[in-house]
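**Student:**
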Amino acid sequence: KRRGGGEKKKKTRPRGAPAARATGRAEVKAAAGASFGGESVVEKAPSSLVLPTGTDTQRAFERVIREAQDSICAEIAAADGGATFQEDAWVREGGGGGISRVLQNGAIFEKAGVNVSVVYGDMPQEA
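In structure tokens form, the structure reads like this:
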């Protein structure tokens, strides 16, 4: 039973929808090196996801955002008191990547996620 007394509904995904990405440490290690849609799962996030040709401003902004992810995750985990975040990192073929962190089955939070993405590409004209 769920907190609050109701029965937990079985989650199903629509036919043809992709399965959820791995978020547990064991699944990430098993998937390290796996590739999907031009992205590859890595065991540990690189020190920077900014392209080598990136600017100092881009590197500084990434550093600020990653520090924010660290502090947000630390505060949520401390408030929850019952679970820790698991990290899933990936890189893109053309440069960039991301760090996804998920906390599950905590004392307060059923699920929480804090993600960072550094991506490159051309914006469509209509955007």
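Numbering (the working numbering), first residue to last: 144 to 270.
Just so it is clear, CB atoms sit at the ideal spot from N, CA and C, and this is done for glycine as well.
Given Asp-265, which residues of its chain have a CB within under 8 Å of its CB, disregarding the five upstream and five downstream residues?
**Tutor:** Here residue 265 refers to the residue found at position 122 of the sequence shown. Around Asp-265: no qualifying Cβ.
**Student:** Is Gly-256 near Leu-192, with beta carbons less than 8 Å apart?
**Tutor:** Here residue 256 refers to the residue found at position 113 of the sequence shown. Here residue 192 refers to the residue found at position 49 of the sequence shown. The answer is no: Cβ separation not under 8 Å.
**Student:** Around the Cβ of Asp-231, are there at least 16 other Cβ atoms within 10 angstroms (buried) or fewer (exposed)?
**Tutor:** Start at 1 with the first residue of the sequence shown, and residue 231 comes out as number 88. Buried.
**Student:** When the Cα atoms are used, what is the spatial distance from Glu-182 to Ala-211?
**Tutor:** Indexing the sequence shown from 1 puts residue 182 at position 39. Indexing the sequence shown from 1 puts residue 211 at position 68. Each residue's Cα considered, the two are about 24 Å apart.
**Student:** DSSP state of Asp-213, grouped into three classes?
**Tutor:** Taking the sequence shown and counting its residues from 1, one reaches residue 213 at position 70. Reduced to three states, the DSSP call for Asp-213 is helix.
**Student:** Is the number of C-beta pairs between the segment 241 to 257 and the segment 212 to 220 that are closer than 8 Å three or more?
**Tutor:** Yes, the segment 241 to 257 touches the segment 212 to 220.
**Student:** Quick one, are the C-beta atoms of Val-245 and Ile-208 less than 8 Å apart?
**Tutor:** Along the sequence shown, one-based indexing puts residue 245 at 102. Along the sequence shown, one-based indexing puts residue 208 at 65. Contact: no.
**Student:** Is it buried or exposed, Ala-203, if we count other Cβ atoms within 10 angstroms and call 16 or more buried?
**Tutor:** Looking up residue 203 in the sequence shown gives position 60. Its Cβ having fewer than 16 others within 10 Å, Ala-203 is exposed.
**Student:** Which of the three DSSP states is assigned to Asp-231 in this structure?
**Tutor:** Counting from one through the sequence shown, the residue named residue 231 turns up at place 88. Three-state result, Asp-231: strand.
**Student:** What would DSSP say about Ile-93, mapped onto helix, strand or coil?
**Tutor:** In the structure as shown, the chain begins at 144 and stops at 270. Residue 93 is therefore absent and cannot be evaluated.
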